[in-house]
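> Start counting the sequence shown at 0; every next residue gets the next number (numbering that gives the first Met the number 0). For glycine and all other residues, C-beta sits at the position ideal for the given N, C-alpha and C. The structure displayed is predicted, hence computed values, not measured ones. Sending over a structure as C-alpha cells; questions will come in a sec.
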Amino acid sequence: MGFFQSADHGMSLLVSSSSFRFDENRVMGFLSGGPVVLLHGLSASCHLGLLLVLSVVWSRRRCRHGRSKESLDSSGFRLYNLAFYSCLSLSLFYLFLCLFDYLWFTHHRRSDVNLPSALIDLAVRAIAWSGASAYLHLEFRYWNGKKFPFFLRAWWCFYVLLSSSLLLLDFVYYYGKLGVLPIHHWVVDVVSVLFSVALGYAGVLGERVEEYDSSREPLLNGGGVDGLTKRSNGGDKAVSLFSNAGLLSVMTFSWMGPLFSVGYRKTLDLDDVPQLADNDSVHGLFPVFKEKLESYTSITTTTTTTTTT
Numbered sequence: 000m001g002f003f004q005s006a007d008h009g010m011s012l013l014v015s016s017s018s019f020r021f022d023e024n025r026v027m028g029f030l031s032g033g034p035v036v037l038l039h040g041l042s043a044s045c046h047l048g049l050l051l052v053l054s055v056v057w058s059r060r061r062c063r064h065g066r067s068k069e070s071l072d073s074s075g076f077r078l079y080n081l082a083f084y085s086c087l088s089l090s091l092f093y094l095f096l097c098l099f100d101y102l103w104f105t106h107h108r109r110s111d112v113n114l115p116s117a118l119i120d121l122a123v124r125a126i127a128w129s130g131a132s133a134y135l136h137l138e139f140r141y142w143n144g145k146k147f148p149f150f151l152r153a154w155w156c157f158y159v160l161l162s163s164s165l166l167l168l169d170f171v172y173y174y175g176k177l178g179v180l181p182i183h184h185w186v187v188d189v190v191s192v193l194f195s196v197a198l199g200y201a202g203v204l205g206e207r208v209e210e211y212d213s214s215r216e217p218l219l220n221g222g223g224v225d226g227l228t229k230r231s232n233g234g235d236k237a238v239s240l241f242s243n244a245g246l247l248s249v250m251t252f253s254w255m256g257p258l259f260s261v262g263y264r265k266t267l268d269l270d271d272v273p274q275l276a277d278n279d280s281v282h283g284l285f286p287v288f289k290e291k292l293e294s295y296t297s298i299t300t301t302t303t304t305t306t307t308t
C-alpha cells in the first residue's frame, strides 16, 4: 500500500513539474515573442494608416471633381505597371498566406502566442494592398502630377524599412534562439523585401513621360526633335544644345538628357542625334582654317618677295 502511495505521489510531482515547465515555456515564449508581436502590431497599424490615407484621398477627389475630370493614360507613366502589379501581387500573396495560416497552422500551433498577431497583420496587409492596387487602377488615371503621389512614394520607401525589420527580427528571435525558422516565415519575409524594393524603385524613378507627336512638333519649335536641336533664325541650320551647355552640364553630360528621353520612347534615328556645335563641326572650322591658311600664305609670299628683292 505504501508503494502505491509513493508511486502516486511521484506521478503527481511529475505532472506538476511538467505543467510548471509547460507554463514556463509559454511564459518564455511570450517574452521572447514580445518584440515580434509588437512589430506585427506596428505593421498592422501602418497598413491601417495607408487605408485611411487612401480613403481620404479618394473621397476628396470625388468631392472636388466628381467623375467629370478628364482621365489620363496610365501607360505614359514610367514604371506604372511595375507598381500596380507589385501591389496586386502583394495583396493576393498576403490573402493566400492569411487563409493558409488560419486553416492549417491553427491546428498545429495553438500554443504559439504570435499566431493571432500574425493573422491580423496578414489580413490587414491583404486589405491595404488591395486598396493600393485599386487606387492605382481606378483613381491614378486622374492624377496629373509628374511623379507618383507623395503618400505612395513615402509609403513604399517606409515599407522597405518595415519589411527589412520584420526579416531581421524573425531571423534573430526565431532562427537565433530556436535554431530553426519555418519555411512560410522565410517566404513571407523574403517576398515582402523583394516587392518592397521593387516598389521603392518605382517610387523613386517613376515619372510621367510626355508622348511625342512628330506631326505637331514642327509647329511647336520649328522642327527640332524633342528639344534636341533648335533652328536658327537665319535658316534651316541646326544648332546643337551642346553649344549652350554650361561647364557643369558638360562635365555631368546632363545636356544629353533629351536624347535619353527620346531613346527611351523609340529607337533612335540619325535625325534624333543632335548636331555638333559650330566650333566642332567641319562647316564651322573650315572657314576659320581657310582664313588662317590664306593669311599664312600671304605672309609667306610677302616675305619671299621681300627677300628676293
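What is the DSSP secondary structure of lysine 289, counted as helix, strand or coil?
Here residue 289 refers to the residue found at position 290 when the sequence shown is read from its first residue. Helix at lysine 289.
> Tell me which same chain residues have a C-beta within less than 8 angstroms of the C-beta of tyrosine 101, skipping the five on either side of it?
The residue you call residue 101 lines up with position 102 of the sequence shown. Closer than 8 angstroms at the Cβ level, and outside the excluded window around tyrosine 101, lie Leu118.
> With DSSP collapsed to three states, give me the class of phenylalanine 194.
Stepping through the sequence shown from its first residue, residue 194 is reached at position 195. Phenylalanine 194: helix per DSSP, three-state reduction.
> Is it buried or exposed for serine 44, if we count other Cβ within 10 angstroms and need 16 for buried?
Translated into the one-based positions of the sequence shown, residue 44 becomes position 45. So serine 44 ends up on the exposed side.
> On a Cα-Cα basis, can you pick out the residue from Leu269, Val36, Trp103, Trp155 that is closest to alanine 127?
Position 128 of the sequence shown, counting from 1, holds the residue named residue 127. For alanine 127, the nearest C-alpha among the options comes from Trp155.
> Which of helix, strand or coil does DSSP assign to arginine 124?
Start at 1 with the first residue of the sequence shown, and residue 124 comes out as number 125. Arginine 124 falls in the helix class under three-state DSSP.
> Contact check, leucine 135 vs alanine 197 under 8 angstroms by CB: the rounded distance?
Working through the sequence shown from its first residue, we reach residue 135 at position 136. Working through the sequence shown from its first residue, we reach residue 197 at position 198. Not a contact, Cβ separation roughly 14 angstroms.
> Does the stretch 139 to 148 come close enough to the stretch 181 to 192 that 3 or more CB-CB pairs lie under 8 angstroms?
no
> Are the beta-carbon atoms of leucine 121 and valine 56 separated by less than 9 angstroms?
Position 122 of the sequence shown, counted from the first residue, corresponds to residue 121. Position 57 of the sequence shown, counted from the first residue, corresponds to residue 56. Against a cut-off of 9 angstroms, the Cβ pair of valine 56 and leucine 121 comes out as no contact.
> May I ask you to report which of helix, strand or coil DSSP gives tyrosine 263?
Within the sequence shown, numbered from 1, the residue matching residue 263 stands at position 264. Helix at tyrosine 263.
> From the DSSP secondary-structure annotation, give me the bridge partner or partners of phenylalanine 76.
Position 77 of the sequence shown, counted from the first residue, corresponds to residue 76. Looking at the DSSP assignment, phenylalanine 76 forms a beta bridge with Arg207.
> How far does the alpha helix (DSSP H) with aspartate 169 in it extend, from its first residue to its last?
Against the sequence shown, residue 169 aligns to sequence position 170. Its alpha helix (DSSP H) spans residues 149 to 169.
> Quick check on DSSP: helix, strand or coil for leucine 219?
If you number the sequence shown from 1, residue 219 lands on position 220. Residue confidence is low: leucine 219 scores 40 on pLDDT, short of 50, so the model does not pin down where it sits. No coordinate-derived value is stated.
> So who's on the other strand from lysine 146, going by DSSP bridges?
Sequence index remark: in the sequence shown, residue 146 carries index 147 (1-based). For lysine 146, which the question treats as bridged, DSSP gives the partners Glu206.
> Secondary structure at aspartate 268, three-state DSSP: helix, strand or coil?
The residue you call residue 268 lines up with position 269 of the sequence shown. Coil.
> Going along the chain, which residues of its own chain have a beta-carbon closer than 7 angstroms to the beta-carbon of serine 163, five neighbours each way excluded?
Translated into positions along the sequence shown, residue 163 becomes position 164. Here the set comprises Val192.
> Quick check on DSSP: helix, strand or coil for tryptophan 103?
Counting from 1 along the sequence shown, the entry for residue 103 is found at position 104. Correct three-state label for tryptophan 103: coil.
> Can you tell me the Cα-Cα spacing of valine 75 and arginine 207, whole angstroms?
For the purposes of this step, residue 75 is taken as residue 76 along the sequence shown, with counting starting at 1. For the purposes of this step, residue 207 is taken as residue 208 along the sequence shown, with counting starting at 1. Looking at the sequence itself, residue 75 is glycine, so the reference to valine does not match. For glycine 75 and arginine 207, the distance between alpha carbons rounds to 6 angstroms.
> Pick from Gly40, Val189, Phe150, Ala153: whose alpha carbon is nearest that of leucine 167?
For the purposes of this step, residue 167 is taken as the residue at position 168 of the sequence shown. Checking every option, the nearest Cα to that of leucine 167 belongs to Val189.
> Pull up the CB-CB distance for valine 171 and serine 195, whole angstroms please, since I reckon it's below 8 angstroms.
Translated into the one-based positions of the sequence shown, residue 171 becomes position 172. Translated into the one-based positions of the sequence shown, residue 195 becomes position 196. About 19 angstroms; that fails the 8 angstroms criterion.
> Report the option in Arg124, Leu94, Ser54, Tyr84 whose CA atom is closest to the CA atom of glycine 40.
Along the sequence shown, read from residue 1 onward, the residue named residue 40 stands at position 41. For glycine 40, the closest alpha carbon among the candidates Arg124, Leu94, Ser54, Tyr84 is that of Arg124.
> Quick one, are the C-beta atoms of lysine 146 and glycine 205 less than 9 angstroms apart?
By one-based count along the sequence shown, residue 146 stands at place 147. By one-based count along the sequence shown, residue 205 stands at place 206. Yes, Cβ-Cβ distance for lysine 146 and glycine 205 is below 9 angstroms.
> Please tell me whether serine 90 and alanine 201 are closer than 9 angstroms, where the distance is taken between their beta carbons.
Numbered from its first residue, the sequence shown carries residue 90 at position 91. Numbered from its first residue, the sequence shown carries residue 201 at position 202. Not in contact: serine 90 and alanine 201 (Cβ atoms no closer than 9 angstroms).
> Among the residues of its own chain, which have a CB less than 7 angstroms from the CB of leucine 161, if the five just before and after it don't count?
Here residue 161 corresponds to residue number 162 of the sequence shown, with the count starting at 1. Spatial neighbours of leucine 161 in its own chain (CB-CB distance under 7 angstroms, excluding positions within 5 residues in sequence) are listed in chain order as Ser42, Cys45.
> What does a CB cutoff of less than 7 angstroms around leucine 87 pick up in its chain, not counting 5 residues either side in sequence?
Taking the first residue of the sequence shown as position 1, residue 87 is located at position 88. Excluding sequence neighbours, leucine 87 sits near Ser132.
> For the ligand GDP, is there a heavy atom less than 8 angstroms away from the beta-carbon of leucine 161?
You won't find the ligand GDP in this model; it holds no ligand whatsoever.
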